[in-house]
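Asker: Encoded as structure tokens, here's the structure I'll be asking about.
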Amino acid sequence: MTSLRRSALIWISILLTGVGLIAFAVSYEMARREADDFLDGQLRQIALNAGEGISDTTASPGSHDREDEFVIEIWSLAGELVRKTPFVPEIPRIDRPGYATIEARGEAWRVYLARDAQRSVQVAQRVRVRQEMAELAGLQAGVPILILMPLTWLLFSWLLGRLTGRLQQLAEAIAKRSLDSRDPVPAAEVPAEVLPLVQGMNVLTGRLQDALDKQKRFVADAAHELRTPLAALQIQLDNLSTTTHQMAAIGELHSGLDRARKLVEQLLRLARTEDASGAQTWEMIDLSAFITQCVADFIPFAEEKVIDLGMVKADPTTISGSRAELALLFGNLIDNAIRYTSPGGSVDVSVIRTASGFSVEVADTGCGVAEADIPRLFDRFFRAAPPDVDGSGLGLSIAAAVARRHALSVDIANRKDTNGLVVRVSKKTSEAGPAHS
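With UniProt numbering applied, the sequence shown has no gaps in its numbers, which climb one by one up to 437 at the end.
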């Protein structure tokens, strides 16, 4: 996946490196030429001011090497060498005043000759020494640029990190948004370059919300429309005077109508649960006592199926939520566990408090579910149960919708110790629940 930050860093680094190398080369060359001009000026000043007192101490500034010394020679008009710097080789006199570069004693020399009415003065300096001094001056001017280049890379990297950090914060804010949130993504502090993307996301989110609203209204309207004819048909069946032979057929009709009625009721529950705009009464609930009551409500159903249903652990803990919705959540889980457990089996319910939060576990000894089907158990109308078990495939979808509204996570897994499933509803104490009224 292409990273804009990495691409920007690479291209900016290439640009900065190129500009830095050019600046280094230009600074180096300019400083070297200025050093040459300065040394030429030194030659001229020494020649113009040389007197009788020529000593062996005339050397380049900052130099302690005899090789770095200037060679000063004073010639008479007749061409005789009158005086020269002691302990240094004699340099041949050039023909005309001014600057020249000559070869003497196997070395290149830069010389300057000044002439007046009585004498001529020549000052010479080794070219090698001049080059060393000029290169040193060039490096002193260019090295700071080379040092600043990596510092500039780090600065740009930090600045890009700050800029992309705002995008990361935006991405995290979008990722944390509730599925039921209808508010547009805030665009007040979004960079102008990203604003069209955020605006497009808001338009797309609005369209998606409209589509979801239409779907929810369709489910609710369809369920409402089905309730009335089903109820009328039920009444007509109850009023029929039947023979013994007809009773069996009518019994089948009753069973079919009952399944249809339950499906309609569950569709209505699903529509109400997924409607985040509906008013809900939230309160602090003693979760252990609440789950104990839920288990007690299903005792008759469990006894009818000869199943051992009970609480095995009830750690004290509380939760903020809607009693009606939480009863729907945990009631569906307990109901499913009982339905899919064979007679003689057991369903154990636990409320477990931990340092990081709490969990409610419903463990049964039923037939379990194929591992490949577990991720699909929350899909609407999906059923992985045996065909002889009644159900609509909506129970876990409703439970998942309630869990999302209460910031709860629901996990399903096959038991390791025996056959059956364990459903775990959990919440960390650091997780914030949804706003409620």
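Where is the CB? At the ideal position from N, CA and C, for every residue including glycine. Given the structure is predicted, the values throughout are model-derived calculations rather than measurements.
Using 8 Å as the threshold, is the C-beta distance between Ile-319 and Leu-287 below it?
Answerer: Yes, the pair counts as a contact, with Cβ atoms nearer than the cut-off.
Asker: What does the alpha-carbon distance come out to for the pair Met-311 and Ile-374?
Answerer: 25 Å
Asker: Looking at C-beta atoms only, is the number of pairs between the stretch 107-115 and the stretch 84-99 that lie closer than 8 Å three or more?
Answerer: For the pair of segments examined, the stretch 107-115 was found to touch the stretch 84-99: the number of CB pairs separated by less than 8 Å reaches three.
Asker: Determine the DSSP secondary structure at Asn-49, reduced to helix, strand or coil.
Answerer: Three-state result, Asn-49: helix.
Asker: Quick one, are the C-beta atoms of Ala-50 and Ile-14 less than 8 Å apart?
Answerer: no
Asker: Tell me whether the beta-carbon of Leu-309 lies closer than 8 Å to the beta-carbon of Val-402.
Answerer: no
Asker: Kindly indicate which residue of Leu-4, Thr-17, Lys-428, Val-423 has the alpha-carbon position closest to the one of Leu-148.
Answerer: Thr-17
Asker: Going by DSSP, name the residue or residues bridged to Val-410.
Answerer: Val-425
Asker: In chain order, what residues of the same chain have a beta carbon less than 6 Å from the beta carbon of Phe-156, not counting five sequence neighbours either side?
Answerer: Ile-12
Asker: In the DSSP output, which residue or residues are listed as bridge partners for Thr-101?
Answerer: Arg-110
Asker: Determine which residues share a DSSP beta bridge with Gly-345 and list them.
Answerer: Paired residues: none, contrary to the question.
Asker: Return the chain-ordered list of same chain residues with a C-beta closer than 7 Å to the C-beta of Leu-160, the five sequence neighbours on each side being excluded.
Answerer: Arg-5, Ala-8, Leu-9
Asker: Trp-282 to Leu-195, Cα distance in whole Å?
Answerer: 37 Å
Asker: With a threshold of 16 other CB atoms inside 10 Å of the CB of Ser-145, please say whether the residue is buried or exposed.
Answerer: Residue identity check: residue 145 is Ile in the sequence provided, not Ser. It is buried - the Cβ of Ile-145 has at least 16 other Cβ atoms within 10 Å.
Asker: Going by the DSSP bridge assignment, what does Leu-309 pair with across the sheet?
Answerer: Val-347
Asker: Based on Cα-Cα distance, which residue from Val-26, Leu-163, Arg-207, Gln-199 lies nearest to Ala-141?
Answerer: Val-26
Asker: Go ahead and pull the three-state DSSP assignment for Asp-91.
Answerer: A quick correction: the sequence has Ile, not Asp, at residue 91. It is coil, neither helix nor strand.
Asker: Starting from Ile-334 and walking both ways along the alpha helix (DSSP H), at which residues does that stretch end?
Answerer: 323-339
Asker: How far does the alpha helix (DSSP H) with Leu-154 in it reach, from first residue to last?
Answerer: First-last of the alpha helix (DSSP H) with Leu-154: 127-175.
Asker: Leaving aside the five residues before and after Lys-305 along the sequence, list all residues of the same chain whose C-beta is less than 7 Å from its C-beta, in chain order.
Answerer: Ile-338, Pro-343
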